[in-house]
Amino acid sequence: MTPSEVKIERTPDGALLLTMAGDWKLGNIGPSQEGALSQLAAGETARNIAFATGGIKGWDSGLLIFLARIFETCRREGVEVDKSGLPAGVRKLMELASPENQRTGVTHGGKRQPFLVRIADTALDQVKGFREVVEFIGEATVVFIKMLRGKAVFRRLDLVTTIQETGAQALPIVTLISLLVGMILAFVAAIQLKMFGAQIYVADVVGIGMVRVMGAIMTGIIMSGRTGAAFAAQLGTMQVNEEIDALETLGFSPVEFLVLPRMLALMLMMPLLCVYADLMGVLGGMIVGVGMLDLGVMEYVHESKAALSVTHFMIGLFHCFVFGVLVAISGCLRGIQCERSASAVGYAATSAVVTGIVSIVVATLIITLSCQVLGI
Amino acid sequence: MNATAEVTTEGKEAIIRVTGLEMAYGSFVLMRDLNFTINRGDIFIIMGGSGCGKSTLLKHLVGLKRPAKGRIVYDGTSYWEAEPYEQERLKRRFGILFQSGALWSSMTLAENVAMPLEQYTKLPPEQIRELVSFKLALVGLGGFEEFYPSEISGGMKKRAGLARAMALDPDLLFFDEPSAGLDPISARLLDDLIIELSESLGTTVVVVTHELASIFAIGNNSVFLDPDVKTMTASGDPKRLLRESPDPKVINFLTRGEGARQS
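Respectively, the protein sequence lines represent chains A and B. Residues in the first sequence are numbered consecutively from 1, following this note's numbering. Residues in the second sequence are numbered consecutively from 1001, following this note's numbering.
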């Protein structure tokens, strides 16, 4: 490639003539270019400026950005530019990129707001977000009552597939986690109880711990990560694809049509999963008890039966029922709130899990305290 | 607004009347002072450059977005001042084809089209099945009843979306960029279908598009949105606008920029 060259001459009528030659390509910047620019900037004044480009062998964006800089300088200095000497293609491209062809008055977000205004904005956003949550819960409640009266519109098939997805297909992961949590509880209890020779009470700790609260919490957290996130992603994608708009314009309520079957499925499946998780937890405890603490299988089973009561069992089920509602509501809420982009769907899924787990923990505290007060 | 050329076809009954409409996202105003009338049987085009708010205007017209200011009146009923049951009743008269088709992905094409029929009519299942097959055949998708949206091409999704939009024989059909992403022949076929629907069923059609060929082929009334002044700068029959509009931006748009060069 021959190096790019530019010469600045003054024509007899007082104009500047830029004579260019060589290969004007990116990465082939000759020293004469910078020289020409600084010469222009240094106040080489003229009424107008023209180009002679007969010597240019080839060009790409390298030439265009050089010309853009020259045009910019000329605009600042009020120098008229005669573009007739430029190759036709270059002229066309420079015209497309010229400031006159850009949209006027484009602003992005405007100026940075003062500190107090930003605090106020954040507070108002929080209030708005809280109102949305309350509205959504209200709408879900209304729809649920409508369903009890047999008037809700949704596809039975949706309910059945969601039941399958949230129920049967969640069994493997629930098995693994509950079994391990049962074993962990047994290990922790065993260390303390062994000191007093009371290792048989490991069965009580694991049994009551799992059945009363841990089985429900672990199921809730698994379902929040597995199903809550899936709900948010499904509804978020439907939002992106305008599917939810399509429902609304046909007069279907998205809460009734999409949220209700999901909520129902989780309310039905969570207690069942909870019972299963309790069983797996007790089994995990038994593996530790029998394998490491030299307890007999029947001995362990008897001790567990003696420790457990229907009350513990019902409290556990109640926990799980509440968690089912919470996971469904947080998943669907975040999905419906989703904006229209791919990253928004990801955010909705993450946010659903966070909201789900936080609400599960808060609900557990409230239920536990209530049980304490009621003495059960 | 001296540039607004009021050349609407006279002697027709207004079906949608928009007065003083302002569209905004939060505090960002997209368009203000929109005033136009859509008459029964019109094929009404919403035109303007990319990003000027055409699709947003459509969302306002179908009741998906609440106006920041102004009124949208359908046959004498102001949508946002109406009772919820009245809004539902109005919505049932709309058929909407979204840009991507917006088919419900968990259902087959037949189920998609059947949904509104099952919900709002008391027709027996066999008759619904027949109707669904007919609507799908009308858009050239006969035999695709059991396909899921993920199994068909973009153009087919759009046509299936149209079949769903037409399911309840709406008297107002809205199209959001119907020919975007279609090959010229399919786009032409869709245009013909729109004209056919309008003529044979008397359906009023509102189309958002910037395809010039479509605009001139089907439109008999229109509104032109200009993002620089944030309002409409022309309305009326696009063919007449091309001949008579004093606004160089409108002429430029309608001639793919050739108008500026000729003048």
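Glycine included, C-beta positions come from ideal geometry on N, C-alpha and C.
Quick check: Leu247 of chain A and Phe257 of chain A, are their CB atoms within less than 7 Å of each other?
Walking along the first sequence from the start, residue 247 of chain A turns up at place 247. Walking along the first sequence from the start, residue 257 of chain A turns up at place 257. Yes. Within cutoff.
Which class does Thr1009 of chain B belong to by DSSP, given the choice of helix, strand or coil?
Within the second sequence, residue 1009 of chain B is the residue found at index 9, counting from 1. In this prediction, Thr1009 of chain B scores a pLDDT of 47, lower than 50, which makes its location untrustworthy; the coordinate-derived value is nonetheless stated afterwards. The answer is coil: DSSP assigns Thr1009 of chain B none of H, G, I, E or B.
Simplified DSSP state of Val1206 of chain B, which is helix, strand or coil
Locating residue 1206 of chain B in the second sequence gives position 206, counting from the first residue. In the structure shown, Val1206 of chain B sits in a strand (DSSP, three-state: E or B).
What is the DSSP secondary structure of Val255 of chain A, reduced to helix, strand or coil?
Your numbering for residue 255 of chain A matches position 255 in the first sequence. Val255 of chain A: helix per DSSP, three-state reduction.
State the CB to CB distance for the pair Phe1094 of chain B and Phe1174 of chain B, rounded to an integer number of angstroms; the pair is presumed to be in contact (CB under 8 Å).
Here residue 1094 of chain B refers to the residue found at position 94 of the second sequence. Here residue 1174 of chain B refers to the residue found at position 174 of the second sequence. Between the beta-carbon of Phe1094 of chain B and that of Phe1174 of chain B there is about 6 Å, and that keeps the pair under the 8 Å contact cut.
Range covered by the beta strand (DSSP E) that runs through Thr1231 of chain B
As a working note, residue 1231 of chain B is residue 231 in the second sequence. Counting along the chain, Thr1231 of chain B sits inside the beta strand (DSSP E) bounded by residues Thr1231 to Gly1236.
Limits of the beta strand (DSSP E) - the one that Leu293 of chain A falls within:
Counted from its first residue, the first sequence places residue 293 of chain A at position 293. Boundaries cannot be given for Leu293 of chain A, as no beta strand (DSSP E) includes it and DSSP labels it neither H nor E.
Which same chain residues, not among the five before or five after Asn1035 of chain B, have their C-beta less than 7 Å away from its C-beta?
Here the question's residue 1035 of chain B lines up with position 35 in the second sequence. Around Asn1035 of chain B: Val1018, Thr1019 and Gly1020.
Candidates A:Asp23, A:Asp82 and A:Glu34: which alpha carbon is nearest Ala15 of chain A's?
Mapped onto the first sequence, residue 15 of chain A falls at position 15. Closest by alpha carbon: A:Asp82.
Distance CB(Asn1220 of chain B)-CB(Asp1247 of chain B) smaller than 7 Å:
As a first step, residue 1220 of chain B is located in the second sequence; it is residue number 220 there, counting from the start. As a first step, residue 1247 of chain B is located in the second sequence; it is residue number 247 there, counting from the start. It is not a contact, given that the beta carbons lie outside the stated cut-off.
Which residues mark the beginning and the end of the alpha helix (DSSP H) in which Phe1147 of chain B is found?
Residue numbering aside, residue 1147 of chain B sits at position 147 when the second sequence is read from its first letter. Where Phe1147 of chain B is concerned, there is no enclosing alpha helix (DSSP H), given that its DSSP letter is neither H nor E.
Would you mind stating whether Ile8 of chain A and Ala36 of chain A have Cβ atoms separated by less than 7 Å?
Position 8 of the first sequence, counted from the first residue, corresponds to residue 8 of chain A. Position 36 of the first sequence, counted from the first residue, corresponds to residue 36 of chain A. Contact check for Ile8 of chain A against Ala36 of chain A passes: the beta carbons are separated by less than 7 Å.
Which residue marks the beginning of the alpha helix (DSSP H) containing Glu72 of chain A, and which one marks its end?
Residue mapping note: residue 72 of chain A aligns to position 72 of the first sequence, counting from 1. Glu72 of chain A: member of the alpha helix (DSSP H) spanning Ser61 to Glu77, first to last residue.
Every unbroken alpha helix (DSSP H) inside the region 88-157 of chain A [4 residues or more]:
Here the runs fully enclosed are 88-96 and 115-148.
Nearest CA to the CA of Arg75 of chain A: which residue from A:Lys151, A:Pro99 and A:Ser61?
Along the first sequence, one-based indexing puts residue 75 of chain A at 75. Nearest option by C-alpha distance: A:Pro99.
In angstroms, rounded to a whole number, what distance separates the CA positions of Leu1117 of chain B and Met1166 of chain B?
The count along the second sequence starts at 1 and reaches residue 1117 of chain B at position 117. The count along the second sequence starts at 1 and reaches residue 1166 of chain B at position 166. About 10 Å.
Quick one: grab the DSSP three-state call for Ser4 of chain A.
Mapped onto the first sequence, residue 4 of chain A falls at position 4. Note: Ser4 of chain A maps to coil in three-state DSSP.
Going by C-alpha distance, which of B:Leu1254, B:Phe1253 and B:Phe1098 is nearest Ser1055 of chain B?
In the second sequence, counting from the first residue as 1, residue 1055 of chain B sits at position 55. The residue with the shortest Cα to Cα distance from Ser1055 of chain B is B:Phe1098.
Would you identify the three-state DSSP class for Phe1098 of chain B, choosing helix, strand or coil?
The count along the second sequence starts at 1 and reaches residue 1098 of chain B at position 98. Judged by DSSP in its simplified three-state form, Phe1098 of chain B adopts coil rather than helix or strand.
Taking only beta carbons into account, state which residues of the region 1074-1104 of chain B come closer than 9 Å to chain A, listed in chain order.
Residues of the region 1074-1104 of chain B with a C-beta less than 9 Å from any C-beta of chain A: Gln1087, Glu1088, Arg1089, Lys1091, Arg1092, Phe1094, Gly1095, Ile1096, Phe1098, Gln1099, Ser1100, Gly1101, Ala1102, Leu1103 and Trp1104, listed in chain order.
Going by CA-CA distance only, name the one from B:Gly1155, B:Glu1086 and B:Arg1240 that's closest to Gly1076 of chain B.
Counting from 1 along the second sequence, the entry for residue 1076 of chain B is found at position 76. Relative to Gly1076 of chain B, the option among B:Gly1155, B:Glu1086 and B:Arg1240 whose CA is nearest is B:Glu1086.
Can you confirm whether the region 272-285 of chain A touches the region 313-323 of chain A when touching is taken to mean that 3 or more C-beta pairs between the two stretches lie within less than 8 Å?
The answer is yes - the region 272-285 of chain A touches the region 313-323 of chain A, with three or more Cβ pairs under 8 Å.
Looking at the C-beta of Pro1178 of chain B, does it have a partner C-beta in chain A at a distance below 7 Å?
Counted from its first residue, the second sequence places residue 1178 of chain B at position 178. The beta-carbon of Pro1178 of chain B is placed no less than 7 Å from the nearest beta-carbon of chain A.
For the region 222-235 of chain A, which residues have a beta carbon sitting closer than 8 Å to at least one beta carbon of chain E?
The chain inventory of the structure shown lacks chain E, comprising the protein chains A and B.
Between Val1062 of chain B and chain A, is the shortest Cβ-Cβ distance under 7 Å, so that the two count as touching?
Working through the second sequence from its first residue, we reach residue 1062 of chain B at position 62. The beta-carbon of Val1062 of chain B is placed less than 7 Å from the nearest beta-carbon of chain A.
Looking at Ala265 of chain A: is its Cβ nearer than 7 Å to the Cβ of Ile119 of chain A?
Residue 265 of chain A sits at position 265 when you count from the first residue of the first sequence. Residue 119 of chain A sits at position 119 when you count from the first residue of the first sequence. No.
Out of A:Phe51, A:Asp121, A:Glu77 and A:Ile244, point me to the one whose CA is closest to Pro87 of chain A's CA.
As a first step, residue 87 of chain A is located in the first sequence; it is residue number 87 there, counting from the start. The candidate whose alpha carbon is nearest that of Pro87 of chain A is A:Phe51.
Which bits of chain A does Pro1116 of chain B rub up against, with CB to CB less than 7 Å?
Locating residue 1116 of chain B in the second sequence gives position 116, where the first residue counts as 1. Below the 7 Å Cβ cutoff, chain A contributes Leu250 as neighbours of Pro1116 of chain B, in chain order.
C-beta atoms of Trp1104 of chain B and Glu299 of chain A nearer than 7 Å
Position 104 of the second sequence holds residue 1104 of chain B. Position 299 of the first sequence holds residue 299 of chain A. Result no, Cβ atoms of Trp1104 of chain B and Glu299 of chain A do not sit closer than 7 Å.
In chain B, what lies closer than 7 Å to Asp245 of chain A by C-beta?
In the first sequence, counting from the first residue as 1, residue 245 of chain A sits at position 245. Within 7 Å Cβ-Cβ: Leu1064, Phe1098 and Ala1102.
Note down, in chain order, each residue of its chain lying with its Cβ closer than 7 Å to the Cβ of Leu1162 of chain B, except the 5 sequence neighbours on either side.
The sequence position of residue 1162 of chain B within the second sequence is 162, counting from 1. Correct list, in chain order: Leu1097 and Val1139.
For the beta strand (DSSP E) that contains Val1073 of chain B, what are its first and last residues?
Against the second sequence, residue 1073 of chain B aligns to sequence position 73. Lys1069 to Tyr1074 is the span of the beta strand (DSSP E), which, as asked, contains Val1073 of chain B.
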